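Just below is one structure, and these are the notes that go with it.
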């Protein structure tokens with residue numbers, strides 16, 4: 001049973017990495033479009049993917065309190081148990 005759990009956990013982790021990669025690609029695409037449409041440089045220092053708009057100002061994402069209404073919708077990061085090696089790009093997963 002532990003082997004089956006480890007295999008499932010590894011599969012979940014690989015799927016998680018794929019979702020993260022797709023999100024990053026989508027973000028980069030949106031940034032390129034914003035750069036073109038609004039005539040701004042995508043490498044402008046004002047862009048910081050570690051921040052989000054909270055109460056009309058840019059705030060570090062980890063400093064934004066979770067919304068109690070949506071706490072159950074927030075996915076937890078899959079554990080790394082049972083996963084060997086890196087992801088598709090050879091890089092270890094995120095903690």
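Residue numbers (UniProt numbering): 1 to 95.
Built from N, CA and C at the ideal position, the CB exists for glycine as well.
Treat the numbers as computed from the prediction; the structure is a model and nothing was measured.
If you run the structure through DSSP and keep just helix, strand and coil, what is residue i?
i, result
"residue 59", "strand"
"residue 49", "coil"
"residue 83", "Legend: pLDDT at residue 83 = 48, less than 50; position of this residue unreliable, no value from coordinates given."
As a quick exercise: from the options, pick the residue whose alpha carbon is nearest that of residue i.
i, options, result
"residue 62", "55, 9, 69 and 51", "51"
Determine whether the beta carbon atoms of residue i and residue j lie at a separation below 8 Å.
i, j, result
"residue 58", "residue 48", "yes"
"residue 42", "residue 31", "yes"
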